[in-house]
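Going by the working numbering, the final residue of the sequence shown carries number 82, and the count climbs one at a time with no gaps. Where is the CB? At the ideal position from N, CA and C, for every residue including glycine. Report on one structure; see the data block that follows.
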Amino acid sequence: MHPIRILILAILFYILYRVIFGGKKKVSGKTEQLPPNEDVLMEDPVCHTYVPMSSSLKTEKDGKIYYFCSQKCCDAFKEEQP
Ligand SMILES: [Zn+2]
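Structure below.
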């Protein structure tokens, strides 16, 4: 192959790479958003650990929802405040 052809191919590859890479960068920028409500960290009122809303135990008391890391903390909270 002629050396100039290789050079042209290299430039084309570089441009293609830049276009793909630039496009990916824009997409990753778009995904930089706040996490959905379900993944918000909530404080466990018993052990004061932060647990993701989606994987926590929930208990409603006086119209307020409390989040716990485990059933043990949930039970302790219920015992504390009858
Ligand atoms: Zn806990």
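{"Asked": "Could you give the distance in angstroms between the alpha-carbon of K78 and the alpha-carbon of P45?", "Found": "11 Å"}
{"Asked": "Are the Cβ atoms of K58 and Y67 separated by less than 9 Å?", "Found": "yes"}
{"Asked": "Of all residues in the structure, which have a C-beta closer than 6 Å to any heavy atom of ligand 1, taken in chain order?", "Found": "D44, V46, C47, T49, F68, C69, S70 and C73"}
{"Asked": "DSSP three-state label for V19, please.", "Found": "helix"}
{"Asked": "Who are the Cβ neighbours of E43 in its own chain at under 7 Å, not counting the five residues just before and after it?", "Found": "Y50"}
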